[in-house]
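Asker: Here our numbering is used: the first residue of the sequence shown is 9, the next is one more, and so on.
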Amino acid sequence: MADSSLAGVIVGGLIALAAGVIGPLVIEWRRHAYEKQKQEDEKQKETRRKKEDKLEELSTALYSHEYWLIQVQNRINQGDKALDAIMTKLPPPPLPKAQAIANIYFHELKGDLTALSAASVLLIKSMLDGKYVFGQPNDESTTFVQQLRRVERLITEYAKREFQ
């Protein structure tokens, strides 16, 4: 009988020893997995925040570009007829900033922003040639506005899809 009670004590001791060794290992493994998941979640949140900020910057650049085009028209109305002379009197056009943001963060907008840039160039040429006066739409201004609205719609759709 003494042998069977000794066997029970030994088995119980082995179980306690195993739990003492394995338990902390399991706890450490779970803690490590939790910390790793927490870091991944934080990284995703930060990436999302950054993309939200960049999308806002891109949108702001689009509206700034519209205002910039009005300033170009105003310079032409004041008698400036050479684009390089006009450019020295104005801040840099905002559209390249929007294109740079899209190149880095929003690849799906690159083609549409390139088309908007081309429409902007044609509109400026039309202004310089005297074929466009602000408030009196022509083919170039209509194309520019249509392309601008398309980019705005794409940005809105992206924001709804990614941030809501």
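Here a beta-carbon is modelled for each residue, glycine too, at the ideal position from N, C-alpha and C.
None of the values given here were measured: they were computed from a predicted structure.
(1) Let me confirm a value: Val-159 is counted as buried when at least 16 other C-beta atoms fall within 10 Å, else exposed. Which label applies?
(2) Just to confirm, are Gln-79 and Leu-103 a CB contact at a threshold of 8 Å?
(3) Roughly how many whole angstroms lie between the Cα atoms of Asp-2 and Ser-72?
(4) In the DSSP assignment, find the unbroken alpha helix (DSSP H) run with Leu-156 in it and report its ends.
(5) Using the Cβ count rule (16 or more neighbours within 10 Å means buried), how would you classify Leu-33?
(6) Under the three-state reduction of DSSP, which class applies to Gln-47: helix, strand or coil?
(7) Under the DSSP definition of a beta bridge, which residues are partnered with Val-141?
(8) Here's a check: name, in chain order, each residue in its chain whose Cβ is nearer than 7 Å to the Cβ of Asn-146, leaving out the five neighbours to either side.
(9) Taking only three categories from DSSP, how would you classify Pro-101?
(10) Kindly indicate which residue of Lys-62, Thr-96 and Gly-87 has the alpha-carbon position closest to the one of Asn-111.
(11) Answer with buried or exposed for Ile-30, where buried requires no fewer than 16 other C-beta atoms within 10 angstroms of its C-beta.
Answerer: Straight from the coordinates:
(1) buried
(2) no
(3) A query on residue 2 cannot be resolved here, the shown segment of the chain reaching from 9 to 172 and no further.
(4) 147-171
(5) exposed
(6) helix
(7) Gln-144
(8) Ser-134, Lys-139 and Tyr-140
(9) coil
(10) Lys-62
(11) exposed
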